[in-house]
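Residue numbers (UniProt numbering): 1 to 160.
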Amino acid sequence: SRKARPREVVPPLRSIRGGDVGDRWALDVAGPLPTKEGGPRYVIAAVEYVTRYVVAVAVKQHEAEYVAEFLMRQVVLKFGPFRELLTDGAPELTGKVIDKLVTMLQAQQVNPVPYRPQMIGLVERFHRTWKDCVATYMATHYGEAITKRAYDGASTEEPE
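Now the structure itself:
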């Protein structure tokens, strides 16, 4: 006789509630992107959950050290320490370097569902939007365009 495997129960997705401004940031890396030789190939982006403010930078590599430096310089030193960091479970976002930084800030790193980008939808939506905006400009100076688009996205409302 055949034994049926028990059916895996997946809990329904829930909205992530906001808190105070600056408490929760979502972080993701996009790339590799086509560039001129030696140019930045990846984009690290962080989105604040309450205000939906975007901070993004183009980098040549997406290793944990670059991500930690981005978090410290572009998020913590400008906006203050956060309480919670949401990531999608990618290795460069969950390694020892990031864990040490999060512990040092007395924060908590949350990976809602590993390798499920829909759970950090704010950052994924930003990546989709800026890719559309800079696609034609990418061959020459897309690093500048990404920074400008991050500012534009932070200062305007996007349609859902």
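Heads up, the beta-carbon is just placed ideally off N, CA and C, and yes, glycines get one too.
Where the beta strand (DSSP E) containing A30 begins and where it ends: R24 to A30
L122 and Y49 closer than 8 Å at C-beta: Going by C-beta atoms, L122 is nearer than 8 Å to Y49.
8 Å contact criterion, which N111 and T94 should meet: CB distance rounded: 6 Å
Simplified DSSP state of E48, which is helix, strand or coil: strand
Beta-carbon separation (whole angstroms), residue 161 vs A58, contact threshold 8 Å: The displayed coordinates of the chain run from 1 to 160. Any statement about residue 161 would go beyond what the structure contains.
Same chain only: Cβ atoms within 8 Å of V43, ignoring 5 sequence neighbours per side: V29, A30, G31, L33, A56, V57, A58, V59, H127, W130 and I146
Whole-number beta carbon distance between E63 and E37, since they are thought to touch under 8 Å: E37 to E63, Cβ: 20 Å. No contact.
Alpha-carbon to alpha-carbon, G22 and F79: 7 Å
Cβ-Cβ separation, L77 to Y109 (assumed contact under 8 Å), whole Å: First, the residue type needs correcting, since residue 109 is Gln and not Tyr in the sequence shown. Between L77 and Q109 the Cβ distance is about 19 Å, and since that is not below 8 Å, they are no contact.
Residue from A26, D88, R41 and G19 whose Cα sits closest to the Cα of V75: Looking at the Cα atoms, A26 is the closest of the given residues.
For Y42, the three-state DSSP class (helix, strand or coil): strand
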